[in-house]
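Inspection log for the structure reproduced underneath, given as structure tokens.
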Amino acid sequence: MAEVEEDNAALQEEVGKLKGELLQREAALAAVRTECDKAIAAAAEQVAEARTEAEKERTSALATRDALAVANARLEEMPALRADLERLRAELAAEHDSRAQAHEAAAVARAERDATRRMAEALEQQVAEQKTALSKAEAELAGLREALNAERSAAASAAQAAAVAGAERDAANRSAEEARERLATLEGNAKPESSTRPSPRK
1 MAEVEEDNAA LQEEVGKLKG ELLQREAALA AVRTECDKAI AAAAEQVAEA RTEAEKERTS
61 ALATRDALAV ANARLEEMPA LRADLERLRA ELAAEHDSRA QAHEAAAVAR AERDATRRMA
121 EALEQQVAEQ KTALSKAEAE LAGLREALNA ERSAAASAAQ AAAVAGAERD AANRSAEEAR
181 ERLATLEGNA KPESSTRPSP RK
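For what it's worth, the numbering used here labels the leading residue of the sequence shown as 1, then goes sequentially.
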């Protein structure tokens, strides 16, 4: 029974550890999910901003190209516009670089979102495994409790039987003691009678 109680205590401790670990992992999963939602929202916002910026840049690029065409046409007639043409070319190159940076930022945001989702899925799988292990441990603990209760019942029955046997033994000892006392009394009464009785003549 002591071994069963030790096993029961060990299983209870293991169940407590598993429950604590499960709570920690569930909290971590909730935090990861929150971070995932934030990352997804930020990525969506960045993508939307990048699309808006790209549309603006596309519109601006078209306008710049139109202006550049006009400037090229005028350049043939007005050499003074050469500086404006160079400025427009520089602006077009800058807008191209800005658009490339926006696309790169959107790609990085998508990669971070995918990594966060994979982490959340891995944590969910770990939580499911911990729940399965906890269920098994609780089932084993229930079995040990049933065995312990059965042993306790058997021990209580044995103790009760021993108590009954002890009571019967005490009653038998008292009866034997009373019988010895009565016998001693009878023997004591018989001795004086034999000493006072006259001896037969020869």
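Even for Gly, the Cβ is constructed at its ideal location relative to N, Cα and C.
CB of residue i within 8 Å of CB of residue j, strictly
i, j, result
"Glu112", "Glu57", "no"
"Arg99", "Ala27", "no"
"Ala133", "Gln46", "no"
"Leu85", "Leu68", "yes"
"Ser25", "Gln126", "Looking at the sequence itself, residue 25 is Arg, so the reference to Ser does not match. Cβ atoms of Arg25 and Gln126: closer than 8 Å."
"Ala43", "Arg145", "no"
"Ala120", "Leu23", "no"
"Arg15", "Glu138", "In the sequence on display, residue 15 carries Val and not Arg. Going by C-beta atoms, Val15 is nearer than 8 Å to Glu138."
"Leu148", "Val32", "no"
"Leu141", "Leu18", "no"
"Thr116", "Ala39", "yes"
Three-state secondary structure (DSSP) of residue i
i, result
"Thr52", "helix"
"Pro200", "Low confidence applies here, because Pro200 scores a pLDDT of 49, under 50, leaving its location unreliable and the question unanswered by this model."
"Gly20", "helix"
"Leu11", "helix"
"Arg99", "helix"
"Ala67", "helix"
Integer-rounded CB distance, given that residue j should sit under 8 Å from residue i
i, j, result
"Thr64", "Glu91", "6 Å"
"Ala102", "Ala50", "4 Å"
Any non-hydrogen atom of the ligand NAD closer than 7 Å to residue i Cβ
i, result
"Ala27", "Among the components modelled here there is no ligand, and therefore nothing to report on the ligand NAD."
Uninterrupted alpha helix (DSSP H) stretches inside the segment 125-194 (no shorter than 4 residues): Given a length threshold of 4 residues, the segment 125-194 has no whole run of the alpha helix (DSSP H) inside it.
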